[in-house]
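For the sequence shown, full-length UniProt numbering gives the first residue as 1, with consecutive numbering after it. Below is one structure, written out as structure tokens; the observations come after it.
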Amino acid sequence: MQPGQTDGARAIAERAMDAMARHDVPATPENYTIWYAYAAGSDPELVKALDVVISNHRSFTAERNAEIYERFVSRSRLDHTVQAAGEGLETAMERVLRLLSDYGADQSAYGRKLAQISGTLDGGPTAETVQTVLRQLRQETRAILIKNQELEHRLSRSKREIEQLRKDLETVRRDALTDPLTGIANRKQFDQRLREACAAALEDGGALALVMADIDHFKAFNDRFGHRVGDEVLKLVARHLRNHLKGRDTPARYGGEEFALILPATTLEGAAVVADQIRRSLAQHSLTSRQTDLRYGKVTLSLGIAVYQLGERLDDLLQRADRALYLAKQDGRNRVCTEAQLPADAPGEVPAFTTANLGRLGA
């Protein structure tokens with residue numbers, strides 16, 4: 001590294017550490033990786049994500065830091081894995097093509113040899129020439145059979161390699177779209193599924209409902225019992241969401257303790273029924289430690305619902321569902337609110353939902 005590059009890296013590192021100190025971010029290797037990239041401006045999506053959190057005055061909790069690291073650093077590693085698998089597949093295909101090319105050359109050579117051997121009989125067959133021809137045919141045929149067997153073996157091995165690469169790519173694709181903790185769709189898959197669902201609704205004129213859900217008092221719960229128990233709460237909620245949905249419905253972890261449900265072919269009233277079933281079912285369960293029988297208490301959800309208006313921007317749909325979720329929080333939590341309950345003429349009474357608002361409510 002040149003002196004100028006060293007000075008530049010040092011300046012970026014200092015900006016990263018200053019930003020971490022300013023926002024109370026622990027100086028772990030994972031956090032430093034994120035904030036160095038932020039200070040360097042090397043990943044525009046990462047910069048935008050952190051700026052949103054900062055502008056909404058949200059704190060960088062351990063959960064949020066882990067989520068950001070998983071979203072951006074792990075994504076980069078997945079990209080490298082995809083690239084490596086793609087290069088392996090390309091190498092395997094080149095090997096197969098080379099084998100097939102060699103096979104074609106061997107077959108052509110075999111054909112020319114047969115023609116040459118048969119030419120020895122043009123002057124009239126004799127016992128001696130017939131014996132010679134038979135001997136040469138046996139030799140050439142044995143040689144081509146050995147080559148064919150070797151080709152078959154090598155093609156079989158290449159087939160296994162290609163099949164393994166295909167499985168690796170499928171695993172990478174699945175991991176890239178799945179939240180590693182809860183096993184349901186992650187934010188990336190949610191965005192993709194929501195776009196697809198809106199496009200389908202726009203095409204056939206069908207209904208589409210979006211439910212935003214947030215775990216009540218999750219931060220206090222997490223602070224009291226620890227992150228391991230907090231993770232169990234997140235997994236419990238994900239299981240309830242998955243168990244109450246079916247068909248084309250998509251449950252997703254939207255971020256932190258917030259979840260989202262995409263419900264195609266579902267009206268506002270139908271989505272409210274589903275959301276309330278989820279809320280009631282979860283509220284009936286009490287989380288207990290299997291090791292100590294310690295009761296952690298009940299876990300409840302607040303949920304907000306909006307339906308897609310054909311042709312509208314997805315941001316507008318998300319904002320209405322967020323505002324309905326905010327209203328559910330404001331009205332006492334552990335309840336379902338729909339966009340129909342939002343004030344029509346006084347949007348200021350229920351502000352557009354932001355993570356900063358949830359912070360003030362003690363989400």
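Heads up, the beta-carbon is just placed ideally off N, CA and C, and yes, glycines get one too.
Let's test the definition: count the other Cβ atoms within 10 Å of the Cβ of residue i and tell me whether it reaches 16, buried, or not, exposed.
i           : result
L282        : buried
G304        : buried
R360        : Residue confidence is low: R360 scores 31 on pLDDT, short of 50, so the model does not pin down where it sits. Its coordinate-derived value is still stated next. Under this definition R360 is an exposed residue.
I146        : exposed
L310        : exposed
V273        : exposed
E63         : buried
G230        : buried
residue 368 : Residue 368 cannot be examined here, being either before or after the span of the chain that is shown, 1 to 363.
N56         : exposed
E21         : The amino acid occupying residue 21 in the given sequence is Ala; Glu does not appear at that position. So A21 ends up on the exposed side.
R160        : exposed
D322        : buried
A16         : buried
residue 372 : There is simply no residue 372 to check, as the chain begins at 1 and stops at 363 in what is shown.
A9          : exposed
A306        : buried
L317        : buried
L194        : buried
I320        : Inspection of the sequence shows that residue 320 is occupied by Arg rather than by Ile. Buried, because 16 or more other Cβ atoms sit within 10 Å of the Cβ of R320.
Who does residue i pair with in a DSSP beta bridge?
i           : result
G297        : L287
R253        : F259
D214        : E258 and S302
A275        : DSSP lists no partner for A275.
C337        : G304
residue 366 : Residue 366 lies beyond the stretch modelled for the chain, which goes from 1 to 363, so this question has no answer here.
A13         : Answer by DSSP bridge pairing: none, since A13 is not bridged.
A185        : T178 and A252
Taking 9 Å as the cut-off, decide whether the C-beta atoms of residue i and residue j are in contact.
i           : j    : result
L245        : L261 : yes
residue 371 : F72  : One cannot answer for residue 371 here, as it falls past the ends of the chain, which runs 1 to 363.
T178        : V237 : no
F60         : V53  : yes
R279        : V336 : yes
G270        : A207 : yes
I215        : E152 : no
R295        : S286 : yes
C198        : L325 : no
V211        : A265 : no
E70         : P251 : no
R333        : G255 : no
A213        : L263 : no
P29         : N65  : no
Q107        : I144 : yes
So is residue i in contact with chain B if we call contact Cβ pairs under 9 Å?
i    : result
A306 : No chain B is present in this structure, which holds just one protein chain.
With a CB to CB cut of under 8 Å and the five nearest residues on each side skipped, what residues in its chain are close to residue i?
i    : result
L46  : I34, A37, Y38, I68 and F72
A13  : Y36 and A39
Q277 : H244
A49  : I68, R71 and F72
Q189 : L177, T178, T250 and A252
Counting only the same chain and skipping the five closest in sequence on each side, list residues whose C-beta sits under 7 Å from that of residue i.
i    : result
A328 : S302, L303, G304, R335, V336 and C337
F221 : G230 and V233
R242 : I184 and P251
H240 : I278, S281 and L282
G41  : V47
Leaving out five residues on either side along the sequence, give the residues of the same chain with a beta carbon under 6 Å from the beta carbon of residue i.
i           : result
T141        : none
T288        : R295
residue 390 : Absent from the model: residue 390. The displayed extent of the chain is 1 to 363, so no value can be given.
H23         : F60
Taking 8 Å as the cut-off, is the C-beta of residue i nearer than that to any heavy atom in the ligand GDP?
i   : result
E30 : As far as ligands go, the structure on display features none, and thus does not contain the ligand GDP.
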